[in-house]
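Accompanying notes for the structure given below.
There are 2 protein chains.
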Amino acid sequence: MNPTIKDVAQKANVSIATVSRVLNNLTGYSDKTKQKVNQAIKELGYQPNAIARGLINKRTQTIGVMFPNVSSAFSSDLLHGIDEFAHDSNYSVVVCNTDNDGKRTMKYLQLLREKQVDGIIFSSEVLNKEYYEVLESMKIPVVLVSSKTDFAKVPYVKVDDYQAVYDAIQYLISKGHRKIAMISGTKSDPIAGTPRVQGYRKALEASGITFDSSRLVYGDFSFESGGRAMEAILRKAGEATAVFAASDEMAIGALSAALKHGLNVPEDISIMGYDDLKLAQMVTPPLTTVRQPLYEMGKIASEKLIRMIETGDIATNKIIAHSIVERQTVRTLT
Amino acid sequence: MNPTIKDVAQKANVSIATVSRVLNNLTGYSDKTKQKVNQAIKELGYQPNAIARGLINKRTQTIGVMFPNVSSAFSSDLLHGIDEFAHDSNYSVVVCNTDNDGKRTMKYLQLLREKQVDGIIFSSEVLNKEYYEVLESMKIPVVLVSSKTDFAKVPYVKVDDYQAVYDAIQYLISKGHRKIAMISGTKSDPIAGTPRVQGYRKALEASGITFDSSRLVYGDFSFESGGRAMEAILRKAGEATAVFAASDEMAIGALSAALKHGLNVPEDISIMGYDDLKLAQMVTPPLTTVRQPLYEMGKIASEKLIRMIETGDIATNKIIAHSIVERQTVRTLT
DNA sequence: CAATAAAACGTAAACGTTTACCCTAAAGGT
DNA sequence: ACCTTTAGGGTAAACGTTTACGTTTTATTG
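Heads up: the protein sequence lines correspond to chains A and B, in order. Counted the way our numbering counts, the first sequence spans residues 79 to 412. Counted the way our numbering counts, the second sequence spans residues 79 to 412.
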């Protein structure tokens, strides 16, 4: 058995209340007793028991984080940021990998509730009614990252997806492109799907380019789907001079496919991605992309959540600035 | 306040002991009372409090995982596997990002102890004496993944690094290469450094190829260092027909550098990596590499740890089989 | 039907803390 | 010298469970 506060009290010849007081450095003890207690603590190698502590003050100093897929580069960057701030604030983070599966998600939510986490970060997955209801019944703060919800009141941190791709397309146009194809993510995705194709269409429209549905093809954000989409584009819309993909993974899939077809990038076709994962710098040629600062977003989400936990007030939404990072996959048309 | 077991007891007109019994389905109650209790539970939306539970039975159903860098593809694949098994066994996992910093690591260890985790997975970082001592004083199971320690008794799961690169080099030799350069990871790393260059040297030796120190250059496992290393090789050992890198990231860095120098891969130079991260399939040409099944390793580590927690006996070491996955970066020399 | 065994259930202690409340003794004021 | 204040510190309840032990009720046996 590890020593408890009782052992410390005994060894220092004081009551456990006093030990507790010096531990939490409150007032109510002399300097001498403080010395004695600290001495006893050191000698016994005493460590407070956070569980007992948690039971009484109803705070576990733990937050839960839900990801559709922990091992994606996307999630893990976010996680890194979340963990950073959390640990600095003396919170632990427990991760849950939902696999985008409703049943699993509900089970994890259950688990987090039983474990009495102080707050939850919900990432990259839409917060539907079912989730929202249990979250609400848990009566703990929640923040969404890279996600939104129709149920107001739950703060999010994300970039403006619509605007980001609007800007990206405009960038492509400014480089002289007019025949621009898009590889969208999952069609029905209300955060990374719809708004992004909206941005695409509106940007085109704003430059007087008419939308051509044969240039819009859907993937599911994955590398493989990006490759397939590229094949489709090459088949159906071979005149396109540029393709914008709604994720870096898809963009890289598209890049591979293009290269495999003997096309040179960016000479024969320009490709632009979305996210700015580490991957983007690693491929050849390095990918031009729109950057979401994932690590920072994680940090901010974590910060908001912890503030909510500790102050009780409800956080505001935060739109994070995106930016275009120019590398070598888009060419200027002359 | 969320309802407690007491509320349930009251509503069902039984004692809390009885409620607890049906909750943990032990014996000692009739079917009717079981119904009553379950009814009350449902009506109140009662959820057990795992903290209180943890306090009394000294089990938190939580494991801690230490990574040098959570956001690396390497760690996150591991984490995925760990999380999978853990959650299936009703354990939660709390992540710690040590940044390879001793101070941080110690702080996290402290934290995990206070939080009373039931076990710890220690990943990709050597378990030095300092860490070992606190771990030992915590008296909870630990398993190492992709790591080792001099202090016996702590089980590990990893591939045989020496053998893996031995096989890789042999593979290269079987493809007709004799002038093989190597980009090693951190020189002093006792698990992913030294053994791997040993494998390289021995494999060369076994085929009667004399080791040439100008063909061995050191990086730090990162993409950038791979690029720099490749430059060095091109400068110092330009006759090399193949280069083996001790990580996929470095291999891809080397690939980029080679491509940038106008070399064709694999026509002008062959490149082989180590890890088989998702990245390896994404680059062009796709990387030939030696595969460590990270996800499975995570799962197995998790399984071992949980078995140790629940049975109390100490797990055995596990050497995971590696394999060579042939893609398109090595050419057969004729 | 009495005796006994077994089933059903309740009581209370325990887990390791925090904290409200109480007590004592010394210090300060008159 | 007496009263009041305050610093220092102790006692015990509380947090939400589990579980050993005891008690009552029911079923079983002869």
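For every residue, glycine included, the Cβ atom is placed at its ideal position computed from N, Cα and C. Fair warning: this is a prediction, and the values are worked out from it, not measured in the lab.
Can you name the start and end residues of the beta strand (DSSP E) that F289/A belongs to?
Careful: F289/A lies outside any beta strand (DSSP E) and carries neither H nor E.
Please determine whether the Cβ atom of G331/A lies at a distance below 6 Å from any heavy atom of the ligand ADP.
As far as ligands go, the structure on display features none, and thus does not contain the ligand ADP.
Is the distance from the Cβ of C174/A to the Cβ of M216/A below 7 Å?
no
Mind listing the chain A neighbours of A485/B? Cutoff is C-beta to C-beta under 7 Å, in chain order.
With chain B running from 79 to 412 in the structure shown, residue 485/B is simply not present.
Helix, strand or coil: which one does DSSP assign to A358/A?
helix
Tell me whether N127/A is buried or exposed, calling it buried when 16 or more other Cβ atoms sit within 10 Å of its Cβ.
buried
Going along chain B in order, which residues have a C-beta closer than 7 Å to the C-beta of L189/A?
S170
Could you check what DSSP says for S201/A in three-state terms: helix, strand or coil?
strand
Distance cutoff 7 Å, beta carbons only. Does K193/A sit that close to anything in chain B?
yes
From F289/A to L282/A, what distance separates their C-alpha atoms?
7 Å
Minimum Cβ-Cβ distance from Q125/A to chain B less than 7 Å:
yes
Y352/A - DSSP class collapsed to helix/strand/coil
strand
Compute the beta-carbon to beta-carbon distance between V171/A and I198/A, rounded to the nearest angstrom, for a pair I have assumed lies under 8 Å.
Contact doesn't hold; Cβ gap of about 10 Å is too wide.
Which class does K382/A belong to by DSSP, given the choice of helix, strand or coil?
helix
Grab the span of the beta strand (DSSP E) containing Y296/B for me, first residue to last.
294-296
How about F301/A: is its C-beta nearer than 7 Å to some C-beta of chain B?
yes
Counted within 10 angstroms of its Cβ, other Cβ atoms place T176/B as buried (16 or more) or exposed:
buried
Using a C-beta cutoff of 7 Å, does V148/B count as contacting chain A?
yes
With 16 as the cutoff for other CB atoms within 10 Å, does D196/A come out buried or exposed?
buried
Using a Cβ-Cβ distance cut-off of 7 Å, determine whether S334/A contacts chain B.
yes
Answer with yes or no whether the minimum CB distance from H400/B to chain A is below 7 Å.
no
Determine which residues of the region 342-363 of chain A have a Cβ less than 8 Å from any Cβ of chain B, and write them out in chain order.
K356, L357, Q359, M360, V361, T362
Can you list the alpha helix (DSSP H) stretches of 4 or more residues lying completely in the region 233-268 of chain B, in chain order?
239-252
Can you tell which of M350/B, A379/B, I269/B has the C-alpha that lies nearest to the C-alpha of H255/B?
M350/B
Which of helix, strand or coil does DSSP assign to N175/A?
strand
Compare the C-beta of N175/A with all C-beta atoms of chain B and state if any pair is closer than 7 Å.
yes
Can you find a CB in chain A that lies within less than 7 Å of the CB of G180/B?
no
Could you pull out every residue in the same chain whose Cβ sits closer than 7 Å to the Cβ of P371/B, ignoring the five residues on either side in sequence?
I398
Do L250/B and A358/B have their C-beta atoms closer together than 7 Å?
no
Got a sec, what are the start and stop residues for the beta strand (DSSP E) S401/A sits in?
401-403
Start-to-end residues for the beta strand (DSSP E) that takes in M79/A:
Unbroken run through M79/A: none, as it is neither H nor E.
Would you say H339/A lies against chain B (beta-carbon separation less than 7 Å)?
no
Residue span of the alpha helix (DSSP H) that contains K338/A, given as start and end
326-338
Tell me, which residues are paired with M144/B by DSSP?
C174/B, F200/B
Of the residues N342/A, P146/A, E192/A, the one placed nearest N80/B, counting alpha carbons only:
E192/A
When you compare the CB positions of V368/A and T407/A, do they come within less than 7 Å of one another, or not?
no
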